[in-house]
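Visitor: Take a look at the following structure, please.
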Amino acid sequence: MDPEAFLDVANQVIKLKMFPFFDIAHSLLAALAVREDLGANAQAFSRKHPLACWLSTMLVIFAGGMVANGLLGEPILAPLKNTGQLLVGTAVWYVVFYTPFDIGYKVAKFLPVKIVASAMKEIYRAKKVYDGVGHAAKLYPNAWIIMIIIGTLKGNGAGFTKLIERLIRGAWTPTAMEFMQPSFYTKASLLASIIFVLDKKTDWISAPHALVYFGIVIFLVYFKLSSILLGIHDPFLPLENLGCAIFFGGIWDSLAKILGRGQAKDGDSKDVKKNN
Amino acid sequence: MDPEAFLDVANQVIKLKMFPFFDIAHSLLAALAVREDLGANAQAFSRKHPLACWLSTMLVIFAGGMVANGLLGEPILAPLKNTGQLLVGTAVWYVVFYTPFDIGYKVAKFLPVKIVASAMKEIYRAKKVYDGVGHAAKLYPNAWIIMIIIGTLKGNGAGFTKLIERLIRGAWTPTAMEFMQPSFYTKASLLASIIFVLDKKTDWISAPHALVYFGIVIFLVYFKLSSILLGIHDPFLPLENLGCAIFFGGIWDSLAKILGRGQAKDGDSKDVKKNN
Amino acid sequence: MDPEAFLDVANQVIKLKMFPFFDIAHSLLAALAVREDLGANAQAFSRKHPLACWLSTMLVIFAGGMVANGLLGEPILAPLKNTGQLLVGTAVWYVVFYTPFDIGYKVAKFLPVKIVASAMKEIYRAKKVYDGVGHAAKLYPNAWIIMIIIGTLKGNGAGFTKLIERLIRGAWTPTAMEFMQPSFYTKASLLASIIFVLDKKTDWISAPHALVYFGIVIFLVYFKLSSILLGIHDPFLPLENLGCAIFFGGIWDSLAKILGRGQAKDGDSKDVKKNN
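Protein chains in written order, with full-length UniProt numbering: chain F, 1 to 276; chain Z, 1 to 276; chain L, 1 to 276.
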């Protein structure tokens, strides 16, 4: 593929229209996530509590926008004013939960459908991170940390609203905190936000803007497909373990242990750094 | 009653001044609700933790406005700037919890007092739903769902803040989620919001505006009094069961069961749709 | 000390620049508080979950501003735009948790260091309460209660975010509600807010403004040092017990008990008013 054509594709990708197909893919995966989170109980729950079921699905679909708005002092309900997205989300929710003989759910779980939807969702995610960073940059042109936070939240909002989403359904799981064990999507959104911020605010990245965007899209889609097809769940893990060892005490703790000073006397320096 | 006179009454009702009498009724029922929620422990709790007691009562009184403001990006504390309401609320709280020999509480619990206060509160509720819908319509003229959500929250805000209200008092009951088993007030506020939105945004309702409003007031007061005097708690239930059977899988589930495909194998399709 | 010189000192204090030294002291105590809240587990936790550890420390550092912003409809993330404070906070967090052989933590725990930092933090607290009251007064010139709430929250924000802060670290302690058993800092911030509001809005306090401010600084520092050095934890307690006895039912309850009417039959009127 010659560079011209590649840049051309990149420019196409950056201008892709999201509504309605990407919204359908996003809503579909959100509804599936809610249904899977309900477990074996899903069928019965959706019949007994349609309102809670609908609300928690909407919260997953609009999570990124709502959380970001909440933190930026903008109306939390504003994402709902997009009637098109709302109708798509409601239709998809209905299809996943209430079609006769559960046909909707079975089709949605069918592997090829899931792969296409997942790939589209990753393209959507890249756009959301990009828009989030841009929006925050307009409000706080010098606050990199705010841009990065908003970008990450827009990219994986549902991860951060999981507690509230479950609470709407009457379940409370305080230990399922995204910050404790960030998922791959959170880390990828964080990385993408940082790259977008660097691209926007510094001259360190000399590639054309469209290429940076396209690179992130490819990275997200590639790892999503690896995750579904090959079961590779977190390519960041080795880097993290290295980073933790150098910056967050790993080496010093080991040294201290060898020298017998043993701050970490209880021997848990061994199982440290495995999870985060 | 001839139609002219009826319309005249309706026009009177729509212009009723709420402060201070309706605020007193509203605050009284809020303080009683807090006291009853505390149970047998109320007396001791109010002596040990006056601050938590006062705060949770204020939260119940101002719940609708605070939640709606929070979701619309407006200052959550703004409802407190109404000094008159705040003083009325505080005075009522004091009377319900701290009068010598518990006279205040006993008077408030006296049936005729409770009936009058309840009727007034329903009139207040209709006004709040109406104002909520109007306010949201100004901000998002095309987002019906936001108008309906804000109207419902304004009408029964305390239902949705129950978790926070109890949390202020150190109790955490994650399963007491309003969305899981909406109360009659939530459903009535939802219905009233929908009617107000239809009245405002479409031509489907040809009755004069004041009559629509008056109709909703009568509906709310009538069912409140039925609930207190006759013990009828939820006139929506039959309609809901019908709706669930048609739209949310009831019929299909039964059909599937008869055909032996049994998605709802565990037999709980029987007790389904009872609660919501 | 002659009054002139005293007023002069007061005028100096009111103009003290907070950044960076007072921010360092504030961040240091915040990081220590997080580390102590983690208990024996702190070392291992900080290695396993650096992100949650950093986030909860930042939440403690910026708690006042974030909560106040959230309640006033301003962007919750806005305090983070102050890059200087953010870098200071991050550096202090790193020093407290990750320095080799835990030198940073040991130095911070060294009594003279802690005393100086605590005294500086109280000066900072006075300024934050003052700024909070002023900010709220600009938004709602007639709502005293909002000024008092914002002043109190700015003064002891971390007390009110403790639940969220622990939740970020995956721990949920719903009974640790500040409102139930307000700490000395909350009560002192409340008192300071009330005095600032009276000073600003009435003519009841005739002392020059700088003196009022200086008096509050001295009061806060004095009791903080008493608390560290002499173990006096709550000078408000006797006043509170008196107030509760007069206004919140204590006397009447006793009277009722003597008269044998016994609303507080279970005999807990004795242990009443000890905690709040």
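Note that CB positions come from ideal geometry on N, CA and C, so glycine has one too.
Keep in mind it's a predicted model, so treat the numbers as computed, not measured.
Taking F/Cys-244 as the reference, which of L/Asn-241, L/Lys-48, L/Ile-14 has the closest Cα?
Guide: Residue mapping note: residue 244 of chain F aligns to position 244 of the first sequence, counting from 1. Looking at the Cα atoms, L/Lys-48 is the closest of the given residues.
Visitor: If I measure Cβ to Cβ from L/Pro-79 and keep anything under 8 angstroms in the same chain, skipping five residues before and after, which residues do I get?
Guide: Walking along the third sequence from the start, residue 79 of chain L turns up at place 79. Excluding residues within five positions, the ones whose Cβ falls inside 8 angstroms are Phe-62, Gly-65, Met-66, Asn-69, Gln-85.
Visitor: Hey, is L/Ile-76's beta-carbon within less than 8 angstroms of any beta-carbon in chain F?
Guide: For this step, residue 76 of chain L is matched to residue 76 along the third sequence. Cβ-Cβ to chain F under 8 angstroms: yes for L/Ile-76.
Visitor: How far does the alpha helix (DSSP H) with F/Phe-62 in it extend, from its first residue to its last?
Guide: Mapped onto the first sequence, residue 62 of chain F falls at position 62. Its alpha helix (DSSP H) spans residues 50-71.
Visitor: For L/Gln-43, which of helix, strand or coil comes out of DSSP?
Guide: Along the third sequence, read from residue 1 onward, the residue named residue 43 of chain L stands at position 43. If DSSP states are grouped into helix, strand and coil, L/Gln-43 belongs with the helices.
Visitor: Which same chain residues end up closer than 6 angstroms to L/Gly-157 when comparing Cβ atoms and leaving out the 5 residues on each side of it in sequence?
Guide: Taking the third sequence and counting its residues from 1, the one referred to as residue 157 of chain L is at position 157. Counting only Cβ-Cβ distances below 6 angstroms, and skipping sequence neighbours, we find Ala-63, Gly-64, Val-67.
Visitor: Measuring straight from C-alpha to C-alpha, what distance separates L/His-26 and L/Phe-19?
Guide: Locating residue 26 of chain L in the third sequence gives position 26, where the first residue counts as 1. Locating residue 19 of chain L in the third sequence gives position 19, where the first residue counts as 1. If I take the Cα positions, the gap works out to 11 angstroms.
Visitor: With C-beta atoms as the reference, is Z/Phe-236 less than 8 angstroms away from Z/Phe-184?
Guide: For this step, residue 236 of chain Z is matched to residue 236 along the second sequence. For this step, residue 184 of chain Z is matched to residue 184 along the second sequence. Their beta carbons are under 8 angstroms apart, which means Z/Phe-236 touches Z/Phe-184 by this criterion.
Visitor: Would you call the region 188-207 of chain Z in contact with the region 149-165 of chain Z, where contact means no fewer than 3 C-beta pairs closer than 8 angstroms?
Guide: yes
Visitor: Starting from residue 287 of chain L, trace the alpha helix (DSSP H) both ways and give me its first and last residue.
Guide: In the structure as shown, chain L begins at 1 and stops at 276. Residue 287 of chain L is therefore absent and cannot be evaluated.
Visitor: Examine chain Z for any beta-carbon lying closer than 8 angstroms to the beta-carbon of F/Gly-151, and answer yes or no.
Guide: Residue 151 of chain F sits at position 151 when you count from the first residue of the first sequence. Taking Cβ atoms only, chain Z never reaches closer than 8 angstroms to F/Gly-151, which makes this a no.
Visitor: Which residue's Cα is closest to the Cα of Z/Ile-115: Z/Lys-257, Z/Ile-76, Z/Leu-230, Z/Ile-168?
Guide: Position 115 of the second sequence holds residue 115 of chain Z. The candidate whose alpha carbon is nearest that of Z/Ile-115 is Z/Leu-230.
Visitor: Going along chain Z, which residues have a C-beta under 7 angstroms from L/Phe-236?
Guide: Here residue 236 of chain L refers to the residue found at position 236 of the third sequence. Simply none; closest approach about 12 angstroms.
Visitor: Is the separation between the beta-carbon of Z/Gly-73 and that of F/Gly-73 shorter than 8 angstroms?
Guide: Position 73 of the second sequence, counting from 1, holds the residue named residue 73 of chain Z. Position 73 of the first sequence, counting from 1, holds the residue named residue 73 of chain F. Taking 8 angstroms as the Cβ cut-off, Z/Gly-73 and F/Gly-73 qualify as a contacting pair.
Visitor: Quick check on Z/Trp-204: does DSSP put it in helix, strand or coil?
Guide: Within the second sequence, residue 204 of chain Z is the residue found at index 204, counting from 1. Three-state result, Z/Trp-204: coil.
Visitor: Identify the continuous alpha helix (DSSP H) that holds Z/Thr-161 and give its terminal residues.
Guide: As a first step, residue 161 of chain Z is located in the second sequence; it is residue number 161 there, counting from the start. Run containing Z/Thr-161: 157-168, per the alpha helix (DSSP H) assignment.
Visitor: Are the C-beta of Z/Phe-160 and some C-beta of chain L separated by less than 8 angstroms?
Guide: Looking up residue 160 of chain Z in the second sequence gives position 160. For Z/Phe-160, the answer is no, since every Cβ of chain L falls outside 8 angstroms of its Cβ.
Visitor: When the Cα atoms are used, what is the spatial distance from Z/Ile-149 to F/Leu-77?
Guide: Position 149 of the second sequence, counted from the start, is the residue given in the question as residue 149 of chain Z. Position 77 of the first sequence, counted from the start, is the residue given in the question as residue 77 of chain F. When rounded, the distance between both Cα atoms is 9 angstroms.
Visitor: Using beta-carbon positions only, say whether Z/Val-34 and Z/Ser-56 come within less than 8 angstroms of one another.
Guide: As a first step, residue 34 of chain Z must be located in the second sequence, where it is residue number 34. As a first step, residue 56 of chain Z must be located in the second sequence, where it is residue number 56. Their beta carbons are under 8 angstroms apart, which means Z/Val-34 touches Z/Ser-56 by this criterion.
Visitor: Comparing C-alpha positions only, which one of Z/Ala-119, Z/Gly-215, Z/Tyr-222, Z/Trp-54 sits nearest to Z/Tyr-94?
Guide: As a working note, residue 94 of chain Z is residue 94 in the second sequence. Per the Cα distances, Z/Trp-54.
Visitor: Is any non-hydrogen atom of the ligand PLP found closer than 7 angstroms to the C-beta of L/Asp-2, if you look at the structure I gave you?
Guide: In terms of ligand content, the structure shown is empty, and the ligand PLP therefore cannot be addressed.
Visitor: Anything in the region 161-190 of chain F with a Cβ closer than 7 angstroms to a Cβ of chain L? List those residues in chain order, please.
Guide: If you check each beta-carbon in the region 161-190 of chain F against every beta-carbon of chain L, the ones closer than 7 angstroms belong to Pro-174, Thr-175, Met-177, Phe-179, Met-180, Pro-182.
Visitor: Report the neighbours of F/His-135 on chain Z: residues whose CB is nearer than 8 angstroms to its CB, in chain order.
Guide: Taking the first residue of the first sequence as 1, we reach residue 135 of chain F at position 135. What F/His-135 touches in chain Z: nothing, since even the nearest Cβ is about 14 angstroms away.
Visitor: L/Leu-29 and L/Lys-106: beta carbons closer than 8 angstroms?
Guide: Here residue 29 of chain L is taken as the residue at index 29 of the third sequence, counted from 1. Here residue 106 of chain L is taken as the residue at index 106 of the third sequence, counted from 1. For L/Leu-29 and L/Lys-106, no; Cβs fall outside 8 angstroms.
Visitor: Under 8 angstroms, do Z/Ala-143 and Z/Leu-163 count as touching if we go by C-beta distance?
Guide: Locating residue 143 of chain Z in the second sequence gives position 143, counting from the first residue. Locating residue 163 of chain Z in the second sequence gives position 163, counting from the first residue. Not closer than 8 angstroms, so no.
Visitor: For F/Leu-220 and F/Val-13, what's the separation of their Cα atoms in angstroms?
Guide: Position 220 of the first sequence, counted from the start, is the residue given in the question as residue 220 of chain F. Position 13 of the first sequence, counted from the start, is the residue given in the question as residue 13 of chain F. If you draw a straight line from the Cα of F/Leu-220 to the Cα of F/Val-13, it comes to about 14 angstroms.
Visitor: Distance, Cα to Cα, F/Glu-36 vs Z/Ser-193?
Guide: As a first step, residue 36 of chain F must be located in the first sequence, where it is residue number 36. As a first step, residue 193 of chain Z must be located in the second sequence, where it is residue number 193. Using only the alpha carbons, I get a separation of about 33 angstroms.
Visitor: What number of angstroms, rounded off, separates the C-alpha of Z/Val-60 from the C-alpha of F/Thr-90?
Guide: Looking up residue 60 of chain Z in the second sequence gives position 60. Looking up residue 90 of chain F in the first sequence gives position 90. Cα to Cα, Z/Val-60 sits roughly 32 angstroms from F/Thr-90.
Visitor: Measuring alpha carbon to alpha carbon, tell me which residue in Z/Ala-210, Z/Gly-170, Z/Phe-196 is nearest Z/Pro-3.
Guide: Taking the first residue of the second sequence as 1, we reach residue 3 of chain Z at position 3. Looking at the Cα atoms, Z/Ala-210 is the closest of the given residues.
Visitor: Under 8 angstroms, do F/Ile-232 and F/Ser-226 count as touching if we go by C-beta distance?
Guide: What you label residue 232 of chain F is simply residue 232 of the first sequence in a count that begins at 1. What you label residue 226 of chain F is simply residue 226 of the first sequence in a count that begins at 1. Cβ distance < 8 angstroms, so F/Ile-232 and F/Ser-226 count as in contact.
Visitor: Leaving out five residues before and five after Z/Asp-23 in sequence, what residues of the same chain have Cβ atoms less than 7 angstroms from its Cβ?
Guide: Locating residue 23 of chain Z in the second sequence gives position 23, counting from the first residue. Gln-85, Val-88, listed in sequence order.
Visitor: Could you check whether Z/Phe-248 and F/Pro-238 sit closer than 8 angstroms to each other, using their CB atoms as the reference points?
Guide: In the first sequence, the residue the question calls residue 238 of chain F occupies position 238. In the second sequence, the residue the question calls residue 248 of chain Z occupies position 248. No. Outside cutoff.
Visitor: Grab me the residues of L/Ala-52's own chain with a C-beta within less than 6 angstroms of its C-beta, minus the 5 sequence neighbours each way, in chain order.
Guide: Looking up residue 52 of chain L in the third sequence gives position 52. Counting only Cβ-Cβ distances below 6 angstroms, and skipping sequence neighbours, we find Ile-168, Arg-169.
Visitor: Could you name the residues of the region 31-43 of chain Z whose beta carbon sits closer than 7 angstroms to any beta carbon of chain L, in the order they occur along the chain?
Guide: Gln-43
Visitor: Quick one: grab the DSSP three-state call for Z/Asp-2.
Guide: On the second sequence, position 2 is the one that residue 2 of chain Z refers to. Z/Asp-2 falls in the coil class under three-state DSSP.
Visitor: Answer yes or no: does any C-beta atom of chain L fall closer than 8 angstroms to that of Z/Leu-80?
Guide: Locating residue 80 of chain Z in the second sequence gives position 80, where the first residue counts as 1. Yes, its Cβ sits closer than 8 angstroms to a Cβ of chain L.
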